[in-house]
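What follows is a set of notes on a single structure, which appears directly below.
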Amino acid sequence: MTEVVLSQARGSAVQITLNRPDRRNAINEALCTGLAAAIDAAEADPAVRAIVLTGAGDEVFCAGGDLKPSVDGSPFALEPAEPNHYVVRLFRRLQACRLPIVARVNGNAMAGGLGLVCACDLAIATSTARFGVPETRVGLFPMMILPYMLRVIPRRRLLEMCITGELFDAAEALALDIVNYVVPPAELDAKIDWLLARIVDKSPTAIRIGKQMFHAIEDMTLDQAFELTQIVLPIMAQSEDAKEGFAAFNAKRPPHFTGR
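Here it is in structure tokens:
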């Protein structure tokens, strides 16, 4: 049986691949479970400094949910006794990940696939990739990915794309800050490696705590954010990484961060 999620080392990072090319790397429960498990494994390895998320092949990053009609003809099989949907469980796992996650957008990112891109911390797309949330074309509306998209995409542009279902190209995704960089397909991996090199030599401790605070502050008032940050910064300064960073700065040498 083919594994729906693959993990392989990429220097000090781990590349996780959505491996359902026959279904355009579409999201189903097995893929969500496998992706969460791969993130667990990456976080458990102290040598791993970052995660790269991509799709199998060179045409599709992820086509969204794997829509197969249920007995009553609807595209989702619902379980009233289990309201915690597997897609929501995956997005919560992505939110809780302490490692930086870089989306390697090797092709089209549609519907839930666009949600995955927004859920990653950084993203680099090939210039041939297309994006969109075409759910209204099949009688749906992007729901479980909406909380993430609202945090990344400007409100009016997001509402327009959700209502019209129109697709847009990588250049527009860059203009909307959905991705950090757009490159020709042949340069995608070189750009990913360039970005990883700028991540993996930094303090893992600072990044872990920083990500946690970044997400927490998003939902706070300004005063709440000030109260939290003035407490957390002195705590961060007591880490071994912070002490090493200051020592290296004063000695004019490269730091050696251990992630503690």
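Numbering (our numbering), first residue to last: 52 to 311.
Backbone N, C-alpha and C define an ideal beta-carbon position, used for all residues, glycine too.
Query                                                                                                                                                 : Result
Output yes or no for whether 7 Å exceeds the beta carbon distance between VAL233 and SER178.                                                          : yes
Using the Cα positions of LEU227 and GLN146, report the straight-line distance between them to the nearest angstrom.                                  : 21 Å
Going by DSSP, name the residue or residues bridged to VAL234.                                                                                        : THR177
Of the residues ARG206, ARG259, THR215, which one's Cα is nearest the Cα of VAL189?                                                                   : THR215
Tell me which same chain residues have a C-beta within less than 6 Å of the C-beta of GLU110, skipping the five on either side of it?                 : GLY158
Considering only residues of the same chain and omitting the five flanking positions on each side of ARG155, which have a CB-CB separation below 6 Å? : VAL103, THR105, ILE243
Should the region 138-153 be regarded as contacting the region 195-213, the criterion being three or more beta carbon pairs within less than 8 Å?     : yes
Given 8 Å as the limit, is there contact between the region 262-274 and the region 206-214, that is, 3 or more CB pairs closer than that?             : no
Quick check: the region 91-103 against the region 60-68, are there 3 or more CB pairs under 8 Å?                                                      : yes
Over the uninterrupted beta strand (DSSP E) stretch that includes CYS113, give me the two end residues.                                               : 111-113
Curious, which full-length alpha helix (DSSP H) runs of at least 4 residues does the region 252-287 contain?                                          : 255-269, 273-287
Check ILE250 in the structure and name its three-state DSSP category.                                                                                 : coil
I need the straight-line Cα distance from LEU69 to VAL184, nearest angstrom please.                                                                   : 19 Å
Using the three-state DSSP reduction, which class does MET212 fall into: helix, strand or coil?                                                       : helix
What residue range is occupied by the uninterrupted alpha helix (DSSP H) comprising ALA92?                                                            : 80-95
Given VAL122, which residues of its chain have a CB within under 7 Å of its CB, disregarding the five upstream and five downstream residues?          : At VAL122 the pLDDT is 47, less than 50, meaning the model places this residue with poor confidence and gives no usable figure here.
Who are ILE102's beta bridge partners in DSSP?                                                                                                        : VAL65, ILE152
Which residues does DSSP pair with SER58 in a beta bridge?                                                                                            : ILE67
7 Å is my cut-off, CB to CB: does ASN231 come that close to chain B?                                                                                  : No chain B is part of this structure, which consists of one protein chain only.
Should LEU150 and GLU94 be called a contact, given that it needs their Cβ atoms to be closer than 7 Å?                                                : yes
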